[in-house]
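The next block holds one structure in the form of structure tokens; read it before the comments.
Protein chains: 2
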Amino acid sequence: MKDFFNYEVIAECPHTRARVARMSTPHGIIETPCFMPVGTQATVKAMAPFELEMLGARIILSNAYHLYLRPGVDIIEKAGGLHGFMGWDRAILTDSGGFQVFSLASLRNVSDDGVEFQSHLDGSRHFLTPASVMAVEESLGSDIAMCFDECTSYPISEEDARRATLRTIRWAMLCKQSHSRPDQALFGIIQGSVFPELRRLCGEALVDMDFPGYGIGGLAVGEPKRMMYDVLELMDQLLPRSKPRYLMGVGHPLDMVEAIALGVDMFDCVLPTRNARNGSVLTSRGMLNVRRQELKDDLSPLDPKCNCYVCKNFSRAYIRHLHKAGEILASRLCTWHNLHFMLELAREARRTIVDGSFPRLLEYCRKVFGDETD
Amino acid sequence: MKDFFNYEVIAECPHTRARVARMSTPHGIIETPCFMPVGTQATVKAMAPFELEMLGARIILSNAYHLYLRPGVDIIEKAGGLHGFMGWDRAILTDSGGFQVFSLASLRNVSDDGVEFQSHLDGSRHFLTPASVMAVEESLGSDIAMCFDECTSYPISEEDARRATLRTIRWAMLCKQSHSRPDQALFGIIQGSVFPELRRLCGEALVDMDFPGYGIGGLAVGEPKRMMYDVLELMDQLLPRSKPRYLMGVGHPLDMVEAIALGVDMFDCVLPTRNARNGSVLTSRGMLNVRRQELKDDLSPLDPKCNCYVCKNFSRAYIRHLHKAGEILASRLCTWHNLHFMLELAREARRTIVDGSFPRLLEYCRKVFGDETD
């Protein structure tokens with residue numbers, strides 16, 4: 000494993016728990032903190048692989064659940080794994096499908112052995128176990144695979160959360176036992192909702208299992224921000240500083256920077272891409288919806304301070320026109336810009352952690368994005 | 000005009016009426032025969048400008064009718080014309096809207112002065128005259144503007160066709176009188192449906208007006224192929240060999256090559272882009288629909304003989320998956336490939352006209368695409 004995967008902290012923020020690290024994988028080195036664009040169905044929506052490279056993305060996320068159902072694992076394996084199938088030769092992290100089984104599938108039947116469910120696509124019946132999910136992720140050939148977990152919604156009773164947490168711990172053990180691919184790092188996922196005792200229980204159990212990295216799951220599912228930050232503070236105490244931490248599904252700019260300050264390294268979120276398709280873009284002055292009437296004659300770029308391809312070549316008026324006319328290029332340009340924003344924010348975090356000015360970045364994000372997050 | 004626009008034949012096919020020419024415009028030199036990707040609403044659907052450059056497109060087409068209605072001419076003029084508005088600094092040809100007024104708008108009221116119609120977008124009422132259309136195209140700032148014409152459908156009575164032809168001749172004169180922008184070439188459009196006498200009438204009248212180029216309109220609207228080729232043969236006799244000829248709306252691979260053999264230089268068609276969005280792609284063996292079930296496990300490229308970005312990086316199985324999953328990248332990749340096919344076919348026509356082997360290209364296209372065109 001050491002040969003294939005390594006994580007090394009190279010700088011620490013003197014003011015917060017933030018750090019910069021170099022994470023090496025079979026498909027390249029990733030500097031953290033990093034934002035991972037989401038490619039659920041083996042494509043980051045509206046983007047081509049070469050564009051993600053131009054944006055400087057070093058790792059993207061994809062979903063075992065979706066790919067298992069469509070197009071199926073066989074054809075991906077035949078194509079040389081997900082990298083070959085989708086034409087992306089940098090790193091990939093695959094989520095196990097825990098979140099998707101609990102959010103998308105219907106007629107779930109959960110037992111300690113696994114989950115029986117109906118596909119959200121065609122209603123077909125499936126049974127996933129920790130071992131079968133490991134087999135799927137190994138076939139996909141991602142650089143980082145996530146354990147199969149039971150992801151809880153919010154709010155949830157402590158009793159239900161406890162049951163899911165215990166199951167997640169048991170499944171983490173089973174995943175570790177059945178996972179065998181040496182060129183793939185298996186990360187544990189810590190659940191426990193907003194209950195400190197459960198988070199501690201799960202965290203300590205998974206640290207004992209000695210995973211090369213840890214996902215923090217079950218957050219950003221509707222709980223108050225303060226509760227999320229409390230969990231992250233507890234995680235920072237429990238988890239070894241020598242391993243990467245991945246806050247799953249989180250990617251609002253402010254949430255990302257706040258979590259970086261609490262020692263988190265990796266992020267993913269569908270919002271920068273999904274919002275883009277609705278015309279909502281991230282700018283240095285906050286969110287902007289390009290469909291607004293008053294942008295009809297606005298020839299300035301989406302964000303005058305941005306130097307991405309979109310902002311260097313196109314105006315708000317043009318992009319608004321594309322949205323109103325239902326043109327695919329509208330989604331493309333807004334997605335490009337939003338991903339640039341998130342990847343640039345992660346770069347800025349790394350830069351400021353190294354030079355000691357990270358708290359200023361945090362203050363700036365609180366000022367610009369503070370009204371929108373809760 | 001000579002300074003801004005020039006057309007020079009540089010090679011002629013020894014076997015057919017085909018020729019290669021160099022056409023210079025304020026936004027670059029175009030070698031003909033050429034295929035113009037269609038960017039109706041100021042974007043070639045699913046493509047970004049830099050990709051069109053990568054594909055080697057030297058000129059694209061856009062539509063005065065659509066842009067006049069949305070986003071409106073004022074904002075485009077404020078952006079420095081269509082080139083600045085859409086971020087494309089190579090040549091643009093704008094269609095006048097004749098075809099669109101007659102195919103898209105409702106409640107038309109045509110008189111010798113112009114057309115009153117209701118917008119297909121919001122029902123608003125508009126009145127377009129030859130002079131007002133010239134003003135729109137001059138504001139758009141395209142390199143080549145088309146005259147405002149009355150485009151007829153097929154079948155049509157000779158009497159109705161005669162009325163439209165006479166009006167088209169009258170409007171061509173009015174367009175020429177009101178057109179004043181020296182850095183924009185105004186092409187006449189020859190109508191007359193499938194009636195040789197009307198085509199001759201219109202052709203001779205417009206040749207007398209001495210336009211720098213000629214559109215051949217009202218074809219590929221449902222008439223038998225043989226009739227289209229007959230009209231093109233007549234046009235070849237009537238039109239000066241020293242001026243470019245543009246067969247409007249035609250772009251099936253075989254039609255294009257047949258028309259090149261009859262002396263046509265310029266083509267545009269929505270089918271390569273529209274069909275792409277439905278998964279239908281052009282290959283060296285004919286059309287292929289990538290949604291077909293038997294391509295599920297096919298790891299070969301769309302066209303094994305193609306060297307475009309798509310064929311070098313992605314498989315049929317992957318592109319099929321993207322289509323089935325409703326991903327934007329599906330439309331992008333198929334559009335990219337189809338435009339590459341058409342632009343490459345035009346390049347191949349130019350190459351074989353020069354080296355004398357053009358008839359072989361024609362035979363090849365008849366063999367591969369002959370079953371699909373009638």
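Chains A and B are the protein sequences, given in the same order. Sequential numbering of the first sequence, starting at 0, is according to numbering that gives the first Met the number 0. Sequential numbering of the second sequence, starting at 0, is according to numbering that gives the first Met the number 0. Built from N, CA and C at the ideal position, the CB exists for glycine as well.
Just to confirm my understanding: we take residue 219(A), look at its own chain, exclude 5 residues before and 5 after, and list those with CB closer than 6 Å. What are they?
Cβ neighbours of residue 219(A) beyond the five flanking positions: 248, 249.
Tell me whether residue 223(B) is buried or exposed, calling it buried when 16 or more other Cβ atoms sit within 10 Å of its Cβ.
Its Cβ having fewer than 16 others within 10 Å, residue 223(B) is exposed.
Mind pulling the alpha helix (DSSP H) runs of 4 or more residues that sit fully within the stretch 216-291 of chain B?
Runs of the alpha helix (DSSP H) inside the stretch 216-291 of chain B: 224-237, 252-260, 270-276.
Please report the distance separating the alpha-carbon of residue 355(B) from that of residue 11(B).
Whole-angstrom Cα-Cα distance: 9 Å.
How would you write the range of the beta strand (DSSP E) that residue 33(B) sits in, first residue to last?
First-last of the beta strand (DSSP E) with residue 33(B): 33-35.
Straight-line CA distance for residue 214(B) to residue 49(B)?
Looking at the two C-alpha atoms, the distance is approximately 28 Å.
Please state the DSSP three-state secondary structure of residue 360(B).
The answer is helix: DSSP assigns residue 360(B) an H, G or I state.
Excluding sequence positions up to five away, which residues of its chain have a Cβ less than 7 Å from the Cβ of residue 299(B)?
For residue 299(B), where only same-chain residues beyond five positions count, the Cβ hits under 7 Å are 314, 315.
State yes or no: is the beta carbon of residue 5(B) nearer than 8 Å to at least one beta carbon in chain A?
False, the Cβ-Cβ gap to chain A never drops below 8 Å.
Which one or two residues does DSSP pair with residue 332(B) in a beta bridge?
DSSP lists no partner for residue 332(B).
Is it true that the CB of residue 242(B) sits closer than 8 Å to the CB of residue 6(B)?
Yes, these two residues count as a Cβ contact at 8 Å.
What does the Cβ neighbour count give for residue 113(A), buried or exposed, with the cut at 16 atoms within 10 Å?
Buried: at least 16 other Cβ atoms inside 10 Å.
According to DSSP, simplified to helix, strand and coil, what is residue 67(B)?
Three-state DSSP puts residue 67(B) in a helix.
Quick check: what's the CA-CA separation for residue 88(B) versus residue 64(B)?
Each residue's Cα considered, the two are about 21 Å apart.
On the CB-based measure, 16 or more other CB atoms within 10 Å of its CB, does residue 306(A) come out buried or exposed?
Exposed, because fewer than 16 other Cβ atoms sit within 10 Å of the Cβ of residue 306(A).
Can you tell me whether residue 142(A) is buried or exposed? The criterion is at least 16 other CB atoms within 10 Å of its CB, across all chains shown.
It counts as buried.
With a threshold of 8 Å between beta-carbons, can residue 274(A) be considered close to chain B, or not?
No, residue 274(A) lies away from the interface with chain B (no Cβ there is under 8 Å from its Cβ).
Can you tell me which of the three DSSP states residue 109(B) falls into?
Looking at residue 109(B) - three-state DSSP - the assignment turns out to be strand.
Any beta carbon of chain A sitting closer than 8 Å to that of residue 271(B)?
Answer no: the Cβ-Cβ gap between residue 271(B) and chain A never drops below 8 Å.
Round the Cβ separation of residue 124(A) and residue 115(A) to the nearest angstrom and send it over; I've been treating them as touching at under 8 Å.
Right, the Cβ-Cβ distance comes to about 7 Å (below 8 Å), so this counts as a contact.
Is residue 338(B) helix, strand or coil by DSSP?
Residue state, collapsed to three classes: helix.
Scan the stretch 187-211 of chain B and note each continuous alpha helix (DSSP H) run of 4 residues or more that stays entirely inside, going in chain order.
Runs found: 195-208.
Candidates 211(B), 235(B), 277(B): which alpha carbon is nearest residue 260(B)'s?
That would be 235(B), whose Cα lies nearest to the Cα of residue 260(B).
One question on the structure: do residue 359(A) and residue 45(A) come within less than 8 Å of each other, judged by their Cβ atoms?
Not closer than 8 Å, so no.
Between residue 296(A) and chain B, is there a C-beta pair that is closer than 8 Å?
Yes - at least one Cβ of chain B is within 8 Å of the one on residue 296(A).
Suppose contacts are defined by Cβ-Cβ distances below 8 Å. Is residue 36(B) in contact with residue 338(B) by that definition?
In contact: residue 36(B) and residue 338(B) (Cβ atoms closer than 8 Å).
Mind checking residue 452(B): buried by the 16 CB within 10 Å criterion, or exposed?
With chain B running from 0 to 373 in the structure shown, residue 452(B) is simply not present.
Would you mind telling me which residues of chain B sit closer than 7 Å to residue 175(A), beta carbon to beta carbon, in chain order?
Correct list: empty, because the minimum Cβ distance to chain B is about 31 Å.
Could you tell me which chain B residues have their CB closer than 9 Å to the CB of residue 327(A), listed as they occur along the chain?
Correct list: 42, 44, 45, 46, 276, 327, 330, 331, 334.
At 7 Å on the CB atoms, spell out the chain A contacts of residue 312(B), in chain order.
86, listed in chain order.
Determine, using beta carbons only, whether residue 81(B) and residue 61(B) come nearer to each other than 8 Å.
It is a contact, given that the beta carbons lie within the stated cut-off.
Using beta-carbon positions only, say whether residue 266(A) and residue 17(A) come within less than 8 Å of one another.
Taking 8 Å as the Cβ cut-off, residue 266(A) and residue 17(A) do not qualify as a contacting pair.
Take residue 233(B) and list the residues in its own chain whose beta-carbon comes closer than 8 Å to its own, dropping the five residues that flank it on each side.
So the qualifying residues of the chain are 195, 198, 199, 202.
Within the 8 Å Cβ cut-off, does residue 317(B) reach chain A?
It does: the Cβ of residue 317(B) has a partner Cβ on chain A nearer than 8 Å.
CA-CA distance, residue 8(A) and residue 55(A)?
Roughly 20 Å separates the two Cα atoms.
Nearest-angstrom Cα distance between residue 118(A) and residue 101(A)?
Using only the alpha carbons, I get a separation of about 11 Å.
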